[in-house]
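Just so you know, we're using this note's numbering here: the sequence shown kicks off at 1179 and counts up by one. Every residue gets a Cβ at the ideal spot worked out from N, C-alpha and C, and that includes glycine. The structure presented is a predicted model; accordingly, all values stated were derived computationally and were not measured.
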Amino acid sequence: GVDAARYAQSPAHHAVAMQDHAALRRVLDALPQARKPEEIRTEADSIAEEARAEAVSAILDRRDVPGRETPLHLAVRFGDAAAAEMLMAAGADWSLQNEHGWSALQEAICAREEALARVIVRHYQPLAWAKWCRRLPRVVAAMRRMRDFYMEITFHFESSVIPFISRIAPSDTYRVWKRGANLRADMTLAGFDGFKIQRSDQTILFLGEGSEDGKVPPGSLCMINHKDKEAMNALEGAGAPASEAEVQQEVTAMSQTNIFRPGIDVTQAVLLPQVTWRRQERTEAVGLWKAKVYDMHHVMVSVKSRRVPGAMTDEEFFSACNENDTESEGFDDVLTDEEKRQLESALKMDSSEFEPREREIPIEDLSISGNGESKHDKKGWFSNWGKRGQTGEDIQWI
């Protein structure tokens, strides 16, 4: 049983703990109603709707309770699909983490509560779309007020834990252009598949003002694959609810592998300027601008893993990744057999344990350079698309 008195300060928690659906319904009915996404057009609309969402979150997503669990976490723990459905329909944030660092969806997957996982997955795409729509006018307005710029960010990794990490970790450069309410980012690092680095010569375009010919509406997010000469609207169909087949496919995929949660701790990070042999601060040219170069020290990259009952072991997962991989960069030509064994030993997770574990890899060197405003650069917004980008996205290599 559970002591419902421990949740007395939160009406939503208390109703879920008591499994009192009528009381929960009264709490939800008292919440301010959201506007339709298509009705939020101006910055004022966006600010007002964000305030409403925060008021709702203060009730639905409270975590000032034992275990820092949201009401949705509690519904998952009790296996209460009806309460989970009511909370998700009201706009509960499924991604919030409890004191152990796990979301309600991850808890449902690890508990093999597929019905509860389907409830959450069924709702999270429409909720994400609603959040995008309510924030978009405010983002576009803020970007219009910002100065235009061009920026490069170069990443280089070293570690005292794994000495050869710089040979296998990505060293890349982000190239970012901002013009008005439009943003362009070129990159080649697409992600990781097991121990493989995924590369893709691609551009991400955020067209806050739309295209000049009017064919692309304002607020569009486009992905461009230069190798295949393909352009895709990343938001196409984003507001439509997923089909039951898609929901089941998503839940099944999550249930087949263990859960990993990467994180980066920069609370102890320091930025130090690079210096030349003359002990002068190092500078580099970024476009037409002279930029200083800094090293970021004491960044901790961590990963938590959690065993999903019945899922593939980590060894089976990485083996499957290697068998199916055709284009990613492997380590066969980079590391010796002994270095491979050291790497696997450092990153290997013991799949026989159910308790989550966390490992940290200190990142000793991360170089950053950037410039200021570049309004006077006459280069067109769509120029040089055919050139290969040299940047990375989402540093989540573990």
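Close beta carbons around residue i, own chain, < 7 Å, minus the five adjacent residues each side
| i | result |
| --- | --- |
| Gln1434 | Ala1489, Met1490 |
| Val1180 | Ala1195 |
| Arg1537 | In this prediction, Arg1537 has a pLDDT of 43, which is less than 50 and means its spatial position is unreliable; nothing more can be read from the coordinates. |
| Arg1456 | none |
Length of the line joining the Cα atoms of residue i and residue j
| i | j | result |
| --- | --- | --- |
| Val1299 | Gln1458 | 54 Å |
| Leu1206 | Leu1265 | 8 Å |
| Glu1291 | Cys1311 | 31 Å |
| Leu1209 | Thr1445 | 36 Å |
| Gly1417 | Asp1326 | 31 Å |
| Pro1395 | Glu1330 | 28 Å |
| Arg1240 | Ile1218 | 26 Å |
| Ala1183 | His1192 | 8 Å |
| Gly1564 | Val1425 | Confidence at Gly1564 is low in this model, with a pLDDT of 34, below 50, so the placement of that residue should be treated as unreliable; the coordinate-derived value is given next. Rounded to whole angstroms, Gly1564 to Val1425 spans 37 Å at the Cα level. |
| Lys1553 | Ser1483 | Because Lys1553 sits at a pLDDT of 38, beneath the cut-off of 50, its placement in the model cannot be relied upon, and the following sentence gives the value as read from the coordinates. If I take the Cα positions, the gap works out to 46 Å. |
| Ala1319 | Glu1422 | 37 Å |
| Asp1473 | Glu1516 | 30 Å |
| Glu1285 | Ala1233 | 26 Å |
| Tyr1352 | Arg1203 | 48 Å |
| Ala1226 | Gly1397 | 19 Å |
| Leu1466 | Met1401 | 27 Å |
| Thr1332 | Ala1368 | 15 Å |
Presumed contact (8 Å Cβ cut-off) between residue i and residue j, rounded CB distance
| i | j | result |
| --- | --- | --- |
| His1251 | Ala1282 | 5 Å |
| Phe1256 | Gln1187 | 19 Å between Cβ atoms; not a contact. |
| Ala1431 | His1475 | The pair is not a contact, with the Cβ atoms about 38 Å apart (cut-off 8 Å). |
| Glu1221 | Arg1362 | That belief does not hold up - the Cβ atoms of Glu1221 and Arg1362 are roughly 23 Å apart, past 8 Å. |
| Trp1272 | Tyr1302 | 6 Å |
| Gly1358 | Arg1322 | 6 Å |
Contact check, residue i vs residue j, beta carbons under 8 Å
| i | j | result |
| --- | --- | --- |
| Ala1268 | Val1297 | no |
| Ser1378 | Asn1403 | yes |
| Val1477 | Arg1439 | no |
| Leu1385 | Asn1360 | yes |
| Arg1230 | Ala1212 | yes |
| Val1243 | Tyr1185 | yes |
| Pro1419 | Pro1304 | yes |
Nonlocal neighbours in the same chain, by C-beta distance under 8 Å from residue i, ignoring five residues either side
| i | result |
| --- | --- |
| Ala1463 | Ala1469 |
| Ala1313 | In the sequence on display, residue 1313 carries Arg and not Ala. Only Ser1224, Glu1228 meet the Cβ criterion. |
| Pro1189 | Ala1201, Val1205, Ile1237 |
Beta-carbon contacts of residue i that lie in its chain and below 6 Å, excluding the five residues immediately before and after
| i | result |
| --- | --- |
| Ala1308 | Pro1215 |
| Gly1245 | Asn1276, Glu1277 |
| Thr1461 | Lys1468, Lys1470 |
| Val1354 | Met1329, Ala1363 |
| Asp1572 | Confidence at Asp1572 is low in this model, with a pLDDT of 34, below 50, so the placement of that residue should be treated as unreliable; the coordinate-derived value is given next. Excluding positions up to five away in sequence, the list is empty. |
| Ile1442 | Val1479 |
Buried or exposed by the 16-neighbour rule on C-beta atoms within 10 Å, applied to residue i
| i | result |
| --- | --- |
| Leu1450 | exposed |
| Val1453 | exposed |
| Ile1287 | buried |
| Lys1356 | buried |
| Gln1427 | exposed |
| Glu1390 | exposed |
| Glu1247 | buried |
Distance cut-off 7 Å: residue i Cβ against heavy atoms of the ligand FAD
| i | result |
| --- | --- |
| Ala1412 | Absence of the ligand FAD is noted for the structure shown, with no ligands found whatsoever. |
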